[in-house]
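S.K.: Residue numbers (numbering that gives the first Met the number 0), protein chains in the order written: chain A, 0 to 225; chain B, 0 to 218. Just so it is clear, CB atoms sit at the ideal spot from N, CA and C, and this is done for glycine as well. Provided herewith is a single structure, encoded as structure tokens, for subsequent inquiry.
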Amino acid sequence: MHNHDYPGKLVVIEGTDGVGRSTQVEMLQNWLQVEGFGVSTTAWKSSQLISKVIEKAKEKNALNTITFSLLYATDLADRLHSTIIPALKAGHIVLADRYVYTAFARDVVRGADSTWVRKIYDFAIKPDRVFYLKMPLDPLLRRIITTRGGLDFYESGRDIGISTDLYQSFKLYQSQIMFEFERMAEANRFITLNAEDPVEAIQKVLRRELGTLLMDETLSGSIVRS
Amino acid sequence: MRLNKKHDFPGKLIVVEGVDGSGKSTQLDLLRNWLISRGQSVIFTEWNSSRLISKTIKQAKRSNSLIPNTFSLLHATDFADRLENIIIPALKAGLVVLADRYCFTAFARDVARGVDREWVRNLYGFSVRPDGAFYFQVPIEVSLARIANSRMPGYYESGMDMGLSSDPMQSFQIFQSRIINEYNQMVDEYGFYTMPATQAIHEQQVLFREHATKILNLT
Chain A
0 MHNHDYPGKL VVIEGTDGVG RSTQVEMLQN WLQVEGFGVS TTAWKSSQLI
50 SKVIEKAKEK NALNTITFSL LYATDLADRL HSTIIPALKA GHIVLADRYV
100 YTAFARDVVR GADSTWVRKI YDFAIKPDRV FYLKMPLDPL LRRIITTRGG
150 LDFYESGRDI GISTDLYQSF KLYQSQIMFE FERMAEANRF ITLNAEDPVE
200 AIQKVLRREL GTLLMDETLS GSIVRS
Chain B
0 MRLNKKHDFP GKLIVVEGVD GSGKSTQLDL LRNWLISRGQ SVIFTEWNSS
50 RLISKTIKQA KRSNSLIPNT FSLLHATDFA DRLENIIIPA LKAGLVVLAD
100 RYCFTAFARD VARGVDREWV RNLYGFSVRP DGAFYFQVPI EVSLARIANS
150 RMPGYYESGM DMGLSSDPMQ SFQIFQSRII NEYNQMVDEY GFYTMPATQA
200 IHEQQVLFRE HATKILNLT
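See the structure below:
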């Protein structure tokens, strides 16, 4: 990954499924717009080109590890070109709900070679800030089961055959993902936030951190309060 | 990387490579029929044909809006899907797999399109190393004439996405020359059998069968 010198900023929110990333992104977006900044958001697996292919393939449970990795890389490559880079060039703050780190964590847990995956994503732009929303397994499980009415096949890593018990499989799979995230958080200086805190409390920290980022830079606007 | 090691599946993998119009598909087709007539079980697979994604690629190409990395990743996805679903199972079952284009096509085309040489080789590092890779070598004029006889080269085929020239035929010529140049550099890197693709079809086929006989240990 390479550093960018566009006028905009790339801010990434990472974390496993169900930790509340999209809620936080939405709140940040509203706040930044009120403060008078141009904002773009981009979510994992949302490219026009490829997101439908991913959905369809997942429905059929027809993906092996390598194809799975490559589909997501293609999705990001397409979004970088069609959304993220144009927005950064226009001076926008781009809020990315998941980024390459999700792939690094997932693909490695699914058995892909960690150097291979990282090299593939060399085309990506290095974010200006990465926030990692962290939640322990048990509350995460309760939250996912209650809000989504059950566990997802892939999110539980069932396709890689850890365990035929969906609950056990989810726990094992997600704990390995978390392990990968935590390793990266340390190595790449993510700002780790406790996802069990109330939504507003997390948002407050995010705003404070973004305020610093934006004030430091040429973009600096009216953000002084938090 | 799997690509750099000999595989130990019981089956055999033979691939053909070369620019459009080099005659590789004709030769592979003849070889395939011959092998079948000799009682071999043969599986055939070609570039950009996976059920998962080939349609998406064709659609995306029509809109002429792909950047080189995305283009490269799309084809790698197609290849990965075919490798896992067609090629590897067939090799495990001890069959002969014939592939019309393989990862070397990406190494030639994508690099000609400006993608990093090292990056694309890593991308396809999961490929199974072929038992025989046949490169149909033709001078650019021959390829150009063969293509132009049948159709106008497509937008990506002529590298129009790189703005080499506003004239499609001229762009095609520049782009295909780059591809040929990449292929030529791979001859030693991957131990290609170079086929004299300007010779008569029959002569080439005789040579092709001779090599294939050795690779497949036929008697």
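At what residue ranges does the segment 58-84 of chain B contain a whole run of the alpha helix (DSSP H), taking only runs of 4 or more?
M.R.: Counting only runs of 4 or more, we get 67-81.
S.K.: Pull up the distance between the alpha-carbon of Glu-117 of chain B and that of Gly-35 of chain A, whole angstroms please.
M.R.: Indexing the second sequence from 1 puts residue 117 of chain B at position 118. Indexing the first sequence from 1 puts residue 35 of chain A at position 36. The straight-line gap from Cα to Cα measures roughly 43 Å.
S.K.: Going by DSSP in three states, Ser-21 of chain B sits in which element: helix, strand or coil?
M.R.: Taking the first residue of the second sequence as position 1, residue 21 of chain B is located at position 22. Here Ser-21 of chain B sits in coil by DSSP.
S.K.: Which residues in chain B sit within 8 Å of Ala-56 of chain A, going by Cβ to Cβ distance?
M.R.: Within the first sequence, residue 56 of chain A is the residue found at index 57, counting from 1. Here the neighbours are Leu-51.
S.K.: Between which two residues does the alpha helix (DSSP H) containing Arg-223 of chain B stretch?
M.R.: Not covered by the structure: residue 223 of chain B. The range shown for chain B is 0 to 218.
S.K.: Report yes if the C-beta distance between Ser-50 of chain A and Lys-44 of chain A is below 8 Å; otherwise report no.
M.R.: Translated into the one-based positions of the first sequence, residue 50 of chain A becomes position 51. Translated into the one-based positions of the first sequence, residue 44 of chain A becomes position 45. Yes.
S.K.: Check the Cβ-Cβ distances between Leu-97 of chain B and every residue of chain A, and say whether any is below 8 Å.
M.R.: As a working note, residue 97 of chain B is residue 98 in the second sequence. Chain A, which has no Cβ nearer than 8 Å to the Cβ of Leu-97 of chain B, makes this no.
S.K.: Can you give me, in chain order, the residues of the segment 68-80 of chain B that have a beta carbon less than 8 Å from any beta carbon in chain A?
M.R.: For the segment 68-80 of chain B, which is checked against every Cβ of chain A, the residues closer than 8 Å are Asn-68, Thr-69, Leu-72, Leu-73, Ala-75, Thr-76, Ala-79, Asp-80.
S.K.: Given Pro-135 of chain A, which residues of its chain have a CB within under 8 Å of its CB, disregarding the five upstream and five downstream residues?
M.R.: As a working note, residue 135 of chain A is residue 136 in the first sequence. Answer for Pro-135 of chain A: Glu-195, listed in chain order.
S.K.: Which class does Val-223 of chain A belong to by DSSP, given the choice of helix, strand or coil?
M.R.: The sequence position of residue 223 of chain A within the first sequence is 224, counting from 1. Note that Val-223 of chain A has pLDDT 44, beneath the 50 cutoff, so the model's placement of it is unreliable and no number is given.
S.K.: Expressed to the nearest angstrom, what Euclidean distance is found between the alpha-carbon atoms of Thr-69 of chain B and Lys-55 of chain A?
M.R.: Stepping through the second sequence from its first residue, residue 69 of chain B is reached at position 70. Stepping through the first sequence from its first residue, residue 55 of chain A is reached at position 56. Using only the alpha carbons, I get a separation of about 20 Å.
S.K.: Measure the Cβ-Cβ separation of Val-10 of chain A and Ile-83 of chain A and say whether it is below 8 Å.
M.R.: Locating residue 10 of chain A in the first sequence gives position 11, where the first residue counts as 1. Locating residue 83 of chain A in the first sequence gives position 84, where the first residue counts as 1. No. Outside cutoff.
S.K.: Which of the three DSSP states, helix, strand or coil, is assigned to Pro-195 of chain B?
M.R.: Position 196 of the second sequence, counting from 1, holds the residue named residue 195 of chain B. Strand, per DSSP.
S.K.: Under DSSP, the beta strand (DSSP E) around Tyr-131 of chain A begins and ends at which residues?
M.R.: As a working mapping, residue 131 of chain A is identified with position 132 in the first sequence. From DSSP, the beta strand (DSSP E) with Tyr-131 of chain A extends over 128-133.
S.K.: Could you work out which residue in B:Tyr-189, B:Asn-63, B:Asp-109 is closest to Lys-4 of chain B when comparing CA atoms only?
M.R.: Start at 1 with the first residue of the second sequence, and residue 4 of chain B comes out as number 5. For Lys-4 of chain B, the nearest C-alpha among the options comes from B:Tyr-189.
S.K.: Just reading off the alpha helix (DSSP H) that Gln-136 of chain B is part of, what are its end residues?
M.R.: Looking up residue 136 of chain B in the second sequence gives position 137. That residue, Gln-136 of chain B, is in no alpha helix (DSSP H); its beta strand (DSSP E) goes 131-136.
S.K.: Closest to Asp-74 of chain A by CA distance: which of A:Ile-65, A:Thr-64, A:Tyr-131, A:Leu-48 is it?
M.R.: Against the first sequence, residue 74 of chain A aligns to sequence position 75. Looking at the Cα atoms, A:Leu-48 is the closest of the given residues.
S.K.: In terms of DSSP beta bridges, what is Asn-60 of chain A paired with?
M.R.: Translated into positions along the first sequence, residue 60 of chain A becomes position 61. According to DSSP, which records beta bridges pairwise, Asn-60 of chain A is partnered with nothing at all.
S.K.: In chain order, what residues of the same chain lie with their CB nearer than 8 Å to the CB of Ser-219 of chain A, ignoring the 5 residues before and after it?
M.R.: The count along the first sequence starts at 1 and reaches residue 219 of chain A at position 220. The predicted model places Ser-219 of chain A with a pLDDT of 45, which falls under 50 and marks its position as unreliable; any figure quoted below should be read in that light. Cβ within range, chain order: Leu-213.
S.K.: With a floor of 4 residues, list each alpha helix (DSSP H) that falls wholly inside the segment 68-112 of chain A, ordered by position along the chain.
M.R.: Runs of the alpha helix (DSSP H) inside the segment 68-112 of chain A: 84-88, 99-108.
S.K.: Applying a beta-carbon distance threshold of less than 7 Å, which residues of chain B neighbour Phe-122 of chain A?
M.R.: Sequence index remark: in the first sequence, residue 122 of chain A carries index 123 (1-based). Those are Asn-68, listed as they occur along chain B.
S.K.: For Ala-104 of chain A and Glu-45 of chain B, I'd like the C-alpha separation in whole angstroms.
M.R.: One-based indexing of the first sequence puts residue 104 of chain A at position 105. One-based indexing of the second sequence puts residue 45 of chain B at position 46. The straight-line gap from Cα to Cα measures roughly 32 Å.
S.K.: Could you tell me whether any Cβ in chain A is nearer than 8 Å to the Cβ of Glu-45 of chain B?
M.R.: On the second sequence, residue 45 of chain B is found 46 positions in, with the first residue counted as 1. No, because no Cβ of chain A sits closer than 8 Å to the Cβ of Glu-45 of chain B.
S.K.: For Gly-124 of chain B, I'd like the list of residues in its chain whose CB is within less than 6 Å of its CB, leaving aside the five on either flank, ordered along the chain.
M.R.: Position 125 of the second sequence, counted from the first residue, corresponds to residue 124 of chain B. Contacts found: Met-0, Leu-2.
S.K.: Using a beta-carbon distance cut-off of less than 8 Å, what residues from the segment 39-50 of chain A approach chain B?
M.R.: If the cut-off is 8 Å between Cβ atoms, the segment 39-50 of chain A has Leu-48, Ile-49 near chain B.
S.K.: What are the residues that DSSP puts in a beta bridge with Met-13 of chain A?
M.R.: Numbered from its first residue, the first sequence carries residue 13 of chain A at position 14. Before going further, note that residue 13 of chain A is Glu rather than Met in the sequence given. Answer is A:Tyr-131.
S.K.: Need the endpoints of the alpha helix (DSSP H) that Leu-171 of chain A sits in, please.
M.R.: Numbered from its first residue, the first sequence carries residue 171 of chain A at position 172. Per DSSP, Leu-171 of chain A belongs to the alpha helix (DSSP H) from 165-186.
S.K.: My assumption, with CB atoms under 8 Å, is that Val-119 of chain B sits in contact with Ser-71 of chain B. Please give the rounded CB distance.
M.R.: Your numbering for residue 119 of chain B matches position 120 in the second sequence. Your numbering for residue 71 of chain B matches position 72 in the second sequence. Yes, Val-119 of chain B and Ser-71 of chain B are in contact; Cβ-Cβ is about 6 Å, under 8 Å.
S.K.: Check the C-beta distance from Asp-99 of chain B over to Ser-24 of chain B and give it rounded, since I have them as a contact under 8 Å.
M.R.: What you label residue 99 of chain B is simply residue 100 of the second sequence in a count that begins at 1. What you label residue 24 of chain B is simply residue 25 of the second sequence in a count that begins at 1. Correct: roughly 6 Å between the Cβ atoms.
S.K.: For Ile-146 of chain B and Val-18 of chain B, what's the separation of their Cα atoms in angstroms?
M.R.: Position 147 of the second sequence, counted from the start, is the residue given in the question as residue 146 of chain B. Position 19 of the second sequence, counted from the start, is the residue given in the question as residue 18 of chain B. Going by the C-alpha atoms only, they are around 10 Å apart.
S.K.: By alpha-carbon positions, which one of B:Ser-170, B:Met-161, B:Gln-136, B:Leu-217 ends up nearest to Gln-184 of chain B?
M.R.: In the second sequence, the residue the question calls residue 184 of chain B occupies position 185. If we check each option's Cα against that of Gln-184 of chain B, B:Gln-136 comes out closest.
S.K.: Short of 7 Å in beta carbon distance, which residues of its chain neighbour Glu-209 of chain B, apart from the five on each side in sequence? Order them along the chain.
M.R.: Reading the second sequence from its first residue, position 210 is the one you call residue 209 of chain B. Same-chain partners within the cutoff: there are none.
S.K.: Assess contact between the segment 200-210 of chain A and the segment 26-35 of chain A, defined as three or more Cβ pairs (one per stretch) separated by less than 8 Å. Is contact present?
M.R.: Contact holds: three or more Cβ-Cβ distances are below 8 Å.
S.K.: Does Val-15 of chain B come within less than 8 Å of chain A when only Cβ atoms are used?
M.R.: Along the second sequence, read from residue 1 onward, the residue named residue 15 of chain B stands at position 16. With 8 Å as the cut-off, Val-15 of chain B does not count as an interface residue toward chain A.
S.K.: Sort A:Lys-133, A:Ala-184, A:Val-52, A:Phe-122 by Cα distance to Pro-197 of chain A and report the nearest one.
M.R.: Counted from its first residue, the first sequence places residue 197 of chain A at position 198. Comparing Cα positions, the closest option is A:Lys-133.
S.K.: Determine whether the beta carbon atoms of Ser-68 of chain A and Asp-106 of chain A lie at a separation below 8 Å.
M.R.: Numbered from its first residue, the first sequence carries residue 68 of chain A at position 69. Numbered from its first residue, the first sequence carries residue 106 of chain A at position 107. For Ser-68 of chain A and Asp-106 of chain A, yes; Cβs fall inside 8 Å.
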